[in-house]
Amino acid sequence: MPTLLALAGVDVPDSVQGTDVSPVLRGEKQSVGENAAFIETTRGPVGIRTLTHLYGVDKATKNQRTTAVTDDRYKFFDILRDPMQEHNLATEPSAVADGLRERVLRWDRETPWLEAQ
Numbered sequence: 289m290p291t292l293l294a295l296a297g298v299d300v301p302d303s304v305q306g307t308d309v310s311p312v313l314r315g316e317k318q319s320v321g322e323n324a325a326f327i328e329t330t331r332g333p334v335g336i337r338t339l340t341h342l343y344g345v346d347k348a349t350k351n352q353r354t355t356a357v358t359d360d361r362y363k364f365f366d367i368l369r370d371p372m373q374e375h376n377l378a379t380e381p382s383a384v385a386d387g388l389r390e391r392v393l394r395w396d397r398e399t400p401w402l403e404a405q
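Numbering of the sequence shown is given in this note's numbering, commencing with residue 289 and proceeding in unit increments.
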């Protein structure tokens, strides 16, 4: 919504979530913000994808309901060097992986799935 408002020449209210990407559409910038997307499925991994890396965490399930992460079932790929995601680098020390791991686990804690009533 911020992009549409900006393109229409309307100020974006503080209460509106999102990022104005109109400078990219107008060719004024190559990118806006950090260019990362969080990934989530109903019963499975959560992850984060940046321009250069993909980091995912397989979550434990109980009775087909997703619960907390219980062990180190992680996946980490260098998208630039390994675009087909054939070489999992999760077991190799990496400051990038550590940072992405913290971000995806924090995001998962802060945005839980709502249980059906």
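All C-beta atoms in this analysis are idealised placements derived from N, C-alpha and C, irrespective of residue type, glycine included. Source: prediction; values computed, not measured.
Own chain, CB closer than 6 Å to residue i, minus 5 neighbours either side, in chain order
i	result
SER310	THR291, ALA294, LEU295
ARG369	none
GLN373	PHE365
LEU377	PHE364
ASP396	VAL334
ALA325	ARG337
GLU328	VAL334
Beta-carbon separation (whole angstroms), residue i vs residue j, contact threshold 8 Å
i	j	result
VAL384	ILE336	Going by Cβ atoms, the distance from VAL384 to ILE336 rounds to 11 Å, so no, they are not a contact pair.
LEU388	TYR343	4 Å
Per DSSP, cross-strand counterpart(s) of residue i
i	result
GLY344	GLY335, LYS363
ALA325	ARG337
Check whether residue i and residue j have beta carbons under 8 Å apart
i	j	result
ASP302	HIS341	no
VAL345	TYR362	yes
Cut-off 8 Å between Cβ atoms - residues of its own chain near residue i, not counting five sequence neighbours on either side
i	result
ASP308	PRO290, THR291, LEU293, ALA294, VAL300, VAL320
SER382	PHE364
VAL304	MET289, PRO290, LEU293
GLY306	MET289, PRO290, THR291
Other residues of its chain near residue i: CB distance less than 7 Å, five sequence neighbours each side excluded
i	result
LEU339	ASN323
GLU380	none
Proximity test, residue i beta-carbon vs the ligand SAM heavy atom, cut-off 7 Å
i	result
GLU328	In the structure shown, the ligand SAM is absent, as is every other ligand, since no ligand is present at all.
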